[in-house]
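Peer 1:
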Amino acid sequence: MFFAEPEAVRYAAVAGVVREPGTPERPPAAPPLPAERVTVTFAGDAAGAGELTWGQRMVWLLMLRWGWLNIGAPMPQPPGRTVADLADELRYMMSRFPSLRTRLRFDAEGRPSQELFADGEITFEVYDADGDADPQKTAQAVYEAYLATARDFVREWPLRVAAVRREGAVTHMVIVVCHLATDGVGVAVLFEETTARAAEPPRGMEQLELVRWQDSPAGRRQAAAGLRHIEAELRSVPPRPMPRSADRGERRHWTGTLTTAALLPAVQGIARRTRADSSTILLTLYAIALGRRELLNPAVLRPMVNNRFRPGLRKVVSHVTQSGVCVLDVAGATVDEAVIRARGPVRLAYKHAYYDPEDELALIDRLAREQPGAARWAGDTWAYVNDRRDATTRIAATTPPDASAADTIPELLARTEFRLTEWRDKPIEPLYLSIDDPAEGIMFTLRGDSWYVTPADGEALLRDMESLAVAAMSDPAVPTAVPVHNGP
Numbered sequence: 177m178f179f180a181e182p183e184a185v186r187y188a189a190v191a192g193v194v195r196e197p198g199t200p201e202r203p204p205a206a207p208p209l210p211a212e213r214v215t216v217t218f219a220g221d222a223a224g225a226g227e228l229t230w231g232q233r234m235v236w237l238l239m240l241r242w243g244w245l246n247i248g249a250p251m252p253q254p255p256g257r258t259v260a261d262l263a264d265e266l267r268y269m270m271s272r273f274p275s276l277r278t279r280l281r282f283d284a285e286g287r288p289s290q291e292l293f294a295d296g297e298i299t300f301e302v303y304d305a306d307g308d309a310d311p312q313k314t315a316q317a318v319y320e321a322y323l324a325t326a327r328d329f330v331r332e333w334p335l336r337v338a339a340v341r342r343e344g345a346v347t348h349m350v351i352v353v354c355h356l357a358t359d360g361v362g363v364a365v366l367f368e369e370t371t372a373r374a375a376e377p378p379r380g381m382e383q384l385e386l387v388r389w390q391d392s393p394a395g396r397r398q399a400a401a402g403l404r405h406i407e408a409e410l411r412s413v414p415p416r417p418m419p420r421s422a423d424r425g426e427r428r429h430w431t432g433t434l435t436t437a438a439l440l441p442a443v444q445g446i447a448r449r450t451r452a453d454s455s456t457i458l459l460t461l462y463a464i465a466l467g468r469r470e471l472l473n474p475a476v477l478r479p480m481v482n483n484r485f486r487p488g489l490r491k492v493v494s495h496v497t498q499s500g501v502c503v504l505d506v507a508g509a510t511v512d513e514a515v516i517r518a519r520g521p522v523r524l525a526y527k528h529a530y531y532d533p534e535d536e537l538a539l540i541d542r543l544a545r546e547q548p549g550a551a552r553w554a555g556d557t558w559a560y561v562n563d564r565r566d567a568t569t570r571i572a573a574t575t576p577p578d579a580s581a582a583d584t585i586p587e588l589l590a591r592t593e594f595r596l597t598e599w600r601d602k603p604i605e606p607l608y609l610s611i612d613d614p615a616e617g618i619m620f621t622l623r624g625d626s627w628y629v630t631p632a633d634g635e636a637l638l639r640d641m642e643s644l645a646v647a648a649m650s651d652p653a654v655p656t657a658v659p660v661h662n663g664p
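For this note's numbering, add 176 to where a residue sits in the sequence shown, where the first one is 1.
#1: Just to confirm, is the Cβ distance from P288 to H429 under 9 Å?
#2: Considering just the uninterrupted stretch of the beta strand (DSSP E) at F218, what are its terminal residues?
#3: May I ask which residues mark the beginning and end of the alpha helix (DSSP H) holding F367?
#4: Which residue marks the beginning of the alpha helix (DSSP H) containing S455, and which one marks its end?
#5: Between which two residues does the beta strand (DSSP E) harbouring I351 extend?
#6: Quick one: what does DSSP say Q390 is sitting in, helix, strand or coil?
#7: How is M269 classed by DSSP in three states: helix, strand or coil?
#8: Return the chain-ordered list of same chain residues with a C-beta closer than 7 Å to the C-beta of R136, the five sequence neighbours on each side being excluded.
#9: So who's on the other strand from T278, going by DSSP bridges?
#10: Can you have a look at V642 and say buried or exposed, based on whether 16 or more other CB atoms are within 10 angstroms of its CB?
#11: Which runs of the beta strand (DSSP E) fall wholly inside the region 392-444 and span at least 3 residues, in chain order?
#12: Run through DSSP, which three-state label would S643 get?
#13: Taking only the alpha-carbon atoms, compute the straight-line gap between T258 and R449 and give it to the nearest angstrom.
#14: By Cβ distance below 6 Å, which residues in the same chain neighbour R281 in space, the five residues on each side in sequence not counted?
#15: How is L637 classed by DSSP in three states: helix, strand or coil?
#16: Below 9 Å between beta carbons: does that hold for D612 and R565?
#17: For A463 and R451, what's the separation of their Cα atoms in angstroms?
#18: Have a look at V318 and P208 and give me their C-alpha separation to the nearest angstrom.
#19: Using three-state DSSP, classify E297 as helix, strand or coil.
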């Protein structure tokens, strides 16, 4: 986990209601009123109650800081879709995937646990976009309203769904899934199996089964190994907070994207020499850029790990993503040397990113007690990285580039674009980098805190990664130009 706060704050009484991060305190303009509400009944195979899984605990602790986290979008639908089709699809999802039939319960101290229901009903709304109304705009308005509406974890299912129709045909489906129910890989499995109407039993462990394994001797051994690794990494360097920015405007929390077609062939060129995977190369480039900008040196990175390589988790529709820890010292080296150095630490970070996040909080408390007067490990002492590309894309990113790739780099660089996309009211982290794979190459989404990194600084950081990779694409002697850090 990323922050350590007193128990009273950690499990503050939230009455089961958390807001979406970045949504205004006042609700946005009201969307159009629904034309109808459709209730769908469902029934599944399992029921019970238990503690949260490690992944769910991580998300809950994040939401206490950030607001409620979700995955979703307004999605265009193929021609001919009807409200009845959507109702049938929703019934299948709710019946098949236990995490969607789960609600939270809270004890007297506000500590959450979960309850899985065998059956129930869920209601979705239908909005008409007839006449001059634009179905896409209507769907977007409904989506934004769903994000801005506080979530009731005790009485509400983790799935919000709406249909937008025009002249009787469904043109868009709006879906918002609470991150407590699943992560991005789980959503992909959910849609894959729903589209195929898979009839065989789900192949992943349901969350209560996972809770039991995590509390077993094997689970406790795994958690202990993860905590030993985290402790070793955090003891290898002192916590060094990022320097505060001189530019402190009224707006603080921002999101920007940089789309680059030049980075992919450059990464392929580095991979050919170093035999490193593309995630390791991108993490190394990020560590170098952080060091050059004097933000983190050595770079303490928190890669998000989806854990689907573990037994029983490959096809699970639940939140099993957690953050690892790796310290990358890239000073006084070439880019190739830094990448080769990083292979072991990154691999171990992925291997050990499976543990009880409350134990990590206790570890950070203990380290703080042992080092009175020192900085505390927290969000401003490390940077998160979430490589959301699938395995196929990551492998393709290490395929040797075409012989003519270097000749196209100037043209590709000219197409690189940075866009400031959002200002948020609620905090995320000083730096949180996500990596995606649009058709045109690689897209970075950087969330930042302008008290540490302004949008202009963030753009420069991402462009540093691109230019460094391009320079090292064909030249193994390119230096990182990160100075050796001396002192505390």
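Note that the Cβ used here is the ideal one computed from N, Cα and C, for glycine as well.
Peer 2: Inspection of the coordinates gives the following:
#1: Your numbering for residue 288 matches position 112 in the sequence shown. Your numbering for residue 429 matches position 253 in the sequence shown. Between P288 and H429, the CB-CB gap reaches or exceeds 9 Å.
#2: Numbered from 1 along the sequence shown, position 42 holds the residue referred to as residue 218. Looking at the DSSP string, the run of the beta strand (DSSP E) that includes F218 is 212-219.
#3: To locate residue 367, count along the sequence shown from 1; it is residue 191. For F367, the uninterrupted alpha helix (DSSP H) segment begins and ends at 360-372.
#4: As a position in the sequence shown, residue 455 is number 279, starting the count at 1. Where S455 is concerned, the enclosing alpha helix (DSSP H) stretches over 454-468.
#5: Residue numbering aside, residue 351 sits at position 175 when the sequence shown is read from its first letter. Its beta strand (DSSP E) spans residues 345-354.
#6: Counting from 1 along the sequence shown, the entry for residue 390 is found at position 214. The answer is helix: DSSP assigns Q390 an H, G or I state.
#7: As a first step, residue 269 must be located in the sequence shown, where it is residue number 93. DSSP places M269 in helix when its eight states are reduced to three.
#8: In the structure as shown, the chain begins at 177 and stops at 664. Residue 136 is therefore absent and cannot be evaluated.
#9: If you number the sequence shown from 1, residue 278 lands on position 102. T278 is bridged by DSSP to L292.
#10: Translated into positions along the sequence shown, residue 642 becomes position 466. First, the residue type needs correcting, since residue 642 is Glu and not Val in the sequence shown. Classification of E642: buried, given that the 10 Å Cβ count is 16 or more.
#11: Within the region 392-444, the complete beta strand (DSSP E) runs of at least 3 residues are 429-436.
#12: Within the sequence shown, numbered from 1, the residue matching residue 643 stands at position 467. In this structure, S643 counts as helix in the three-state DSSP scheme.
#13: For the purposes of this step, residue 258 is taken as residue 82 along the sequence shown, with counting starting at 1. For the purposes of this step, residue 449 is taken as residue 273 along the sequence shown, with counting starting at 1. Each residue's CA atom was taken as its position, placing T258 and R449 some 53 Å apart.
#14: Locating residue 281 in the sequence shown gives position 105, where the first residue counts as 1. Excluding residues within five positions, the ones whose Cβ falls inside 6 Å are S289, E291.
#15: Residue mapping note: residue 637 aligns to position 461 of the sequence shown, counting from 1. Per DSSP, reduced to three states, the secondary structure at L637 is helical.
#16: Position 436 of the sequence shown holds residue 612. Position 389 of the sequence shown holds residue 565. In this structure, R565 lies closer than 9 Å to D612 by Cβ.
#17: Position 287 of the sequence shown, counted from the first residue, corresponds to residue 463. Position 275 of the sequence shown, counted from the first residue, corresponds to residue 451. Rounded to whole angstroms, A463 to R451 spans 19 Å at the Cα level.
#18: Translated into the one-based positions of the sequence shown, residue 318 becomes position 142. Translated into the one-based positions of the sequence shown, residue 208 becomes position 32. Computed Cα separation, rounded: 8 Å.
#19: One-based indexing of the sequence shown puts residue 297 at position 121. Annotated three-state conformation of E297 is strand, per DSSP.
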